[in-house]
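Worksheet: one structure, shown below.
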Amino acid sequence: MKYDVVIGLEIHAELSSKSKVFCQCAQQFGGEQNTRCCPRCSAMPGTLPLLNRTAVEYAVIAGLCLNCDINAFSAFDRKNYFYPDLPKAYQISQFFYPICTDGCVDIGSKTVRVNRIHIEEDAGKLIHDEYAGISLADYNRCGVPLIEIVTEPDMTCADEAIAFVEAVASRLRYAEVCDAKMEEGSIRCDVNISLKPEGSDVLGTRAEIKNLNSLKSISRAIEYEIKRQSDLLDRGERIIQETRRFNDNNGRTLSMRSKEEAHDYRYFPEPDIPAIMFDRTQIESIAAKIPMLPEQRLKIYVEEYGVSEVEAKIILTKKEYSDFFNAAVAEYPNYKSTSNLIVVEVFRLINDNGCDGDFKFTPQSLAKLIKMLDEDIITKAAQKTILSVMFERGGDPETIAKDMGLVIVNDSEGVANAIKEVIDANPKAVGEYRSGQEKVFGFLMGQVARKVGKSATPALVREMLLKALK
Ligand SMILES: [Zn+2]
123 MKYDVVIGLE IHAELSSKSK VFCQCAQQFG GEQNTRCCPR CSAMPGTLPL
173 LNRTAVEYAV IAGLCLNCDI NAFSAFDRKN YFYPDLPKAY QISQFFYPIC
223 TDGCVDIGSK TVRVNRIHIE EDAGKLIHDE YAGISLADYN RCGVPLIEIV
273 TEPDMTCADE AIAFVEAVAS RLRYAEVCDA KMEEGSIRCD VNISLKPEGS
323 DVLGTRAEIK NLNSLKSISR AIEYEIKRQS DLLDRGERII QETRRFNDNN
373 GRTLSMRSKE EAHDYRYFPE PDIPAIMFDR TQIESIAAKI PMLPEQRLKI
423 YVEEYGVSEV EAKIILTKKE YSDFFNAAVA EYPNYKSTSN LIVVEVFRLI
473 NDNGCDGDFK FTPQSLAKLI KMLDEDIITK AAQKTILSVM FERGGDPETI
523 AKDMGLVIVN DSEGVANAIK EVIDANPKAV GEYRSGQEKV FGFLMGQVAR
573 KVGKSATPAL VREMLLKALK
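Under my numbering, read the sequence shown as residues 123 to 592, first letter to last.
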């Protein structure tokens with residue numbers, strides 16, 4: 123039987139505020155266990171939460187980036203569960219009144235609706251040492267500010283789910299509210315997936331696959347679930363509503379527990395944190411701080427700057443590259459040459475030498491290098507050589523060109539001599555050209571250029587040769 127696949131996502135994104143959400147402990151990835159904890163985030167009796175203003179502001183920015191409504195009123199609730207990764211035995215989250223609702227993200231082929239975004243605190247990490255038979259708790263991550271982005275079940279395959287996660291990660295990175303490093307767990311994803319008979323309007327029973335932390339595992343887990351669920355349905359069996367875990371080693375999902383319903387968590391309003399209230403002016407002043415997002419930049423690059431879409435998208439893979447490009451063209455607006463030099467030459471140097479967007483040369487020196495070629499001060503080949511020196515150790519392109527003898531001198535006497543020699547040596551070709559066979563010009567031009575080498579620009583050689591052949 124054929125089935126339609128229905129996928130919804132819950133993305134947990136760590137906000138990159140300097141401190142945790144309800145205390146002043148620093149939040150960073152890694153570090154020695156239990157060194158970034160205080161009585162508040164380790165839930166000592168008598169401590170009270172203290173809401174981090176920056177984290178709230180970042181959640182608003184995330185909501186605006188995903189086209190959400192920012193609610194004038196939102197509030198925190200306690201989600202009760204007993205598990206040693208959160209010593210309070212409840213998690214502070216937003217259940218009844220989330221901060222953002224009703225967003226949408228365009229993923230090219232379609233629009234995925236965002237149901238809500240809420241703020242919550244992260245839990246600690248448990249390390250299970252099976253050899254010693256013990257479990258260790260690291261509370262450094264306790265209280266790290268998270269947003270949970272919950273979509274409507276609008277996706278129908280792994281590719282759409284990946285496209286959504288990538289679009290969200292890219293926007294959050296550009297807005298500088300989350301570093302979106304999946305390998306460090308700053309973005310984690312739960313996938314809700316169900317199957318229904320093709321064309322049916324009735325949703326099937328869904329399974330939730332928890333805590334996927336790479337695009338590859340999201341994709342593999344979805345593929346596996348489609349196969350598992352369709353096999354069950356083909357055999358006339360029932361899908362159980364449950365939470366499943368993905369095993370990266372064998373590519374399978376396995377049951378963790380039957381799925382909880384909201385009432386299992388006994389949500390109730392958090393009495394220790396006042397509600398968050400926003401007026402329009404406050405939201406507008408936060409919105410004004412958001413840097414331009416990749417979609418807007420793409421439009422400008424392609425439509426205003428005339429850069430090819432392929433090159434524009436490559437430059438936009440990282441905000442650092444895009445900012446670098448913007449600064450270079452602000453200095454000298456040859457958009458196409460700049461994008462081309464970055465995409466072809468700079469990226470080749472990055473691939474060969476490894477570099478993470480932290481260049482030793484400035485956008486201004488790249489702009490100067492492009493201008494030097496445009497003004498016939500150097501050749502295209504020299505531009506490449508100079509760029510690789512700049513990549514390796516920085517420096518001013520003009521100084522490098524002089525030091526390496528790469529400046530074109532435009533020695534017109536030398537060119538005149540070369541032209542004379544070529545004309546004398548090729549009477550047949552010259553005759554042909556003069557009798558109207560213009561394509562011979564290329565051959566003669568090549569002969570002269572070889573003799574001239576780097577001592578004159580092609581433009582000068584061409585101009586003088588044309589004159590001499592008249
Ligand atoms: Zn703390």
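Just so you know, even glycine gets a beta-carbon here, dropped at the ideal spot from N, CA and C.
Put simply, the stretch 142–151 does not touch the stretch 364–377. Fewer than three CB pairs are less than 8 angstroms apart. For Leu376, there is no enclosing alpha helix (DSSP H); the residue is found in the beta strand (DSSP E) stretching over Arg374 to Ser380.
Here Lys502 is exposed: its Cβ has fewer than 16 other Cβ atoms, across all protein chains shown, within 10 Å. Taking the Cβ of Arg263 as the reference point, every heavy atom of ligand 1 lies at 6 angstroms or farther away. In this structure, DSSP gives Val468 a helical state, which the three-state scheme calls helix. Rounded to whole angstroms, the separation of the alpha carbons of Lys561 and Val451 is 37 angstroms.
The three-state secondary structure of Lys332, taken from DSSP, is strand.
Under DSSP, the beta-bridge partners assigned to Thr223 are Asp191 and Arg238.
The residue among Asp353, Tyr261 and Pro275 with its C-alpha nearest the C-alpha of Gly130 is Pro275. Rounded to the nearest angstrom, the gap between the Cα atoms of Lys524 and Leu509 is 14 angstroms. Put simply, the residues with a CB less than 5 angstroms from any heavy atom of ligand 1 are Cys145, Cys147, Cys160, Arg162 and Cys163, in chain order. The beta carbons of Asp207 and Leu248 sit closer together than 7 angstroms.
Per DSSP, Asn539 is one residue of the alpha helix (DSSP H) stretching across Ser534 to Ala547. Under DSSP, Leu591 forms no beta bridge with any residue. Ranked by Cα distance from Thr365, the first of Ser352, Met399, Asn314 and Ile183 is Asn314. 7 angstroms or more divides the Cβ of Arg293 from the Cβ of Leu471. Look at Ala197 here: in three-state DSSP terms it is coil, with no helix or strand label. In the structure shown, Gly527 falls within a coil segment according to DSSP collapsed to helix, strand and coil. No residue range can be given for Tyr454, since it is assigned to no alpha helix (DSSP H) and is classified by DSSP as neither H nor E. Counting C-beta pairs with one atom in each stretch, the stretch 133–146 and the stretch 264–278 have three or more that are closer than 8 angstroms, which means they touch.
Contact annotation, Val287 with Ile340: C-beta distance approximately 7 angstroms; criterion of less than 8 angstroms satisfied. For the options Arg357, Ser308, Ala245 and Ala283, the alpha carbon positioned closest to that of Lys338 is the one of Ala283. When the five nearest sequence neighbours on each side are left out, the beta carbons in the same chain lying within less than 8 angstroms of the beta carbon of Cys279 are those of Val127, Ile129 and Ile344, in order along the chain. In this structure the stretch 431–446 does not lie against the stretch 396–408, because fewer than three pairs of beta carbons, one per stretch, are closer than 8 angstroms. Less than 7 angstroms separates the beta-carbon of Arg367 from that of Met378.
Within the stretch 123–197, the runs of alpha helix (DSSP H) that reach at least 4 residues and sit entirely inside it are, in chain order, 175–187. For the 7 angstroms CB-CB criterion, Ile183 and Ile412 form a contact.
Annotation: the continuous beta strand (DSSP E) that includes Ser257 extends over Ile256 to Asp260. For Phe368, the enclosing beta strand (DSSP E) begins and ends at Glu364 to Asn369. Check the Cα spacing between Asp498 and each of Gly517, Lys142 and Ile530: the tightest is with Ile530. DSSP assignment within the stretch 403–442 yields the following whole alpha helix (DSSP H) runs of 4 residues or more, N-terminal first: 416–421 and 431–437.
For Val313, DSSP records a beta bridge to Leu131 and Ile331.
The alpha-carbon of Leu463 is positioned some 35 angstroms away from that of Val544.
For Lys232, the CB contacts under 8 angstroms within the same chain, skipping 5 residues up- and downstream, are Asp276 and Glu282 in chain order.
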